[in-house]
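Participant:
In this note's numbering, the protein residues as written are 77 to 499.
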């Protein structure tokens, strides 16, 4: 099979790395890819959101399967255009991708499906948003309705912080048009996790849970990021909690989306808060998480390619998955200054030495090749991914590899999986 992966981040490197292991694969492209992906796939200079160019490439090269990594091309309708042109694709339609494209739409669907979640309000003007905040009090959560690259969420511990978030999002437009509408919702107490399932419109095939680390600093301090590290499995998701997530947050959503005429095909990513009353839904994303994808691919024993084909063809009820009896952990290396303005173009050394550590795979996110050098081009730059018999071994291997890198322009958190180790 000839496969095209769309995207350029750590998630896409993880997918390409896993797909490249399939005996069914004859050719693998990635558009646009990055310096690390170039080691396992042929990179194509087409932007991830250049929908018509991607469709034309897939047609011209007789691509058998298109795998869409990021949310923006899904919301823009890339999967629809592939299907209209007879190209097999794994990813939701634009109508289904609205689950991530509009947080307000998502909350309305969740309410219709009876899925346990936080109370909420939707607002298109700042006065009514602020009145709602004053009536409810803090802590409270303020979110942009539209896409903001995982950063359009403020968990406000004070009323003043929440009101300032409204001004920033709606008044100053720090996230552009994404802040034209806001969702304001209840602050849920508990431990957060990410749960993933593959869906084919009718069937949901559960993958596994992971735990992401959103804040930039050790001890979960500082501003939110796209994710500074993750590990899987996560002790907070016991077998009973996993069963509850599938029964209350995954299957009802698939049934409701089908009933709405928006059948969901692709990866469903449920952000879950495990509360004292059980799991509650925070939000859905319509793609693999980044960096959670990295640890899921490290743990997945099954060949990914036939699984994604079954998802594209509506045959997931015939698939079972096998997993490595191990823990996977990823430490994200980010450019100095991230998630604020960060430096670009610094040279990264020591990549081969890091990659040579037992159980470690260095996955690239924001990198490019410049002559003989690999340079940093993004905010989150590398995902040092390790597998071990337990969380302590996986973490020790990952940080040993981190310490072999020669990159003064980057930094990482030093406490990934601290909750698991604290247990």
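We treat Cβ as the ideally placed atom computed from N, Cα and C, and that holds for glycine.
Between the beta-carbon of residue 324 and the beta-carbon of residue 264, is there less than 9 angstroms?
Facilitator: Not in contact: residue 324 and residue 264 (Cβ atoms no closer than 9 angstroms).
Participant: What first and last residue would you give for the beta strand (DSSP E) that runs through residue 243?
Facilitator: Note, residue 243: premise wrong, no beta strand (DSSP E); not H, not E.
Participant: Under 7 angstroms Cβ to Cβ from residue 465, same chain only, skipping five residues before and after it: list those, please.
Facilitator: The answer, listed in chain order, is 402.
Participant: In angstroms, rounded to a whole number, what distance separates the CA positions of residue 455 and residue 448?
Facilitator: So the two alpha carbons sit approximately 22 angstroms from each other.
Participant: To the nearest angstrom, report how far apart residue 405 and residue 110 are at their CA atoms.
Facilitator: Each residue's Cα considered, the two are about 22 angstroms apart.
Participant: Counting along the chain, where does the alpha helix (DSSP H) carrying residue 215 start and finish?
Facilitator: Looking at the DSSP string, residue 215 is not in any alpha helix (DSSP H), and its letter there is neither H nor E.
Participant: As an exercise, report each continuous beta strand (DSSP E) stretch of at least 3 residues that is fully enclosed by the stretch 383 to 465, in chain order.
Facilitator: Within the stretch 383 to 465, the complete beta strand (DSSP E) runs of at least 3 residues are 403 to 411, 436 to 440, 443 to 446, 449 to 452, 456 to 464.
Participant: What's the C-alpha gap between residue 434 and residue 473?
Facilitator: Approximately 7 angstroms, taken between the alpha carbons.
Participant: Kindly indicate the opening and closing residues of the beta strand (DSSP E) around residue 342.
Facilitator: It spans 341 to 351 - the beta strand (DSSP E) in which residue 342 sits, taken as one unbroken run.
Participant: Nearest CA to the CA of residue 191: which residue from 182, 167, 310?
Facilitator: Considering only alpha carbons, the answer is 182.
Participant: Return yes when the Cβ of residue 439 is within less than 9 angstroms of the Cβ of residue 460, no when it is not.
Facilitator: Yes, the Cβ-Cβ distance between residue 460 and residue 439 is below 9 angstroms.
Participant: Does the separation of the CB atoms of residue 169 and residue 315 fall below 9 angstroms?
Facilitator: No, the Cβ-Cβ distance between residue 169 and residue 315 is not below 9 angstroms.
Participant: Let me check understanding here. Comparing Cα to Cα, which of 346, 171, 81, 152 lies closest to residue 121?
Facilitator: Taking only the C-alpha atoms, the option nearest residue 121 is 81.
Participant: Under three-state DSSP, which class holds residue 122?
Facilitator: In this structure, residue 122 counts as coil in the three-state DSSP scheme.
Participant: Go through the stretch 253 to 324 residue by residue and report every complete run of the alpha helix (DSSP H) that reaches 4 residues or more, in order.
Facilitator: Runs found: 315 to 321.
Participant: In whole angstroms, give me the CA-to-CA distance for residue 421 and residue 195.
Facilitator: Between residue 421 and residue 195, the C-alpha separation is close to 44 angstroms.
Participant: Taking contact to mean at least 3 C-beta pairs separated by less than 8 angstroms, is the stretch 248 to 258 in contact with the stretch 276 to 288?
Facilitator: The stretch 248 to 258, when compared against the stretch 276 to 288, does not touch it at the 8 angstroms Cβ threshold.
Participant: Could you give the DSSP three-state label for residue 78: helix, strand or coil?
Facilitator: Strand at residue 78.
Participant: Which term fits residue 161, buried or exposed, when burial requires 16 or more other beta carbons within 10 angstroms of its beta carbon?
Facilitator: Its Cβ having fewer than 16 others within 10 Å, residue 161 is exposed.
Participant: Does the stretch 372 to 382 come within contact of the stretch 88 to 99, defined as at least 3 CB pairs closer than 8 angstroms?
Facilitator: They touch, by the three-pair rule.
Participant: Considering only their Cβ atoms, is the gap separating residue 359 from residue 176 smaller than 9 angstroms?
Facilitator: Their beta carbons are under 9 angstroms apart, which means residue 176 touches residue 359 by this criterion.
Participant: Mapping DSSP to helix, strand and coil, what is residue 105?
Facilitator: Strand.
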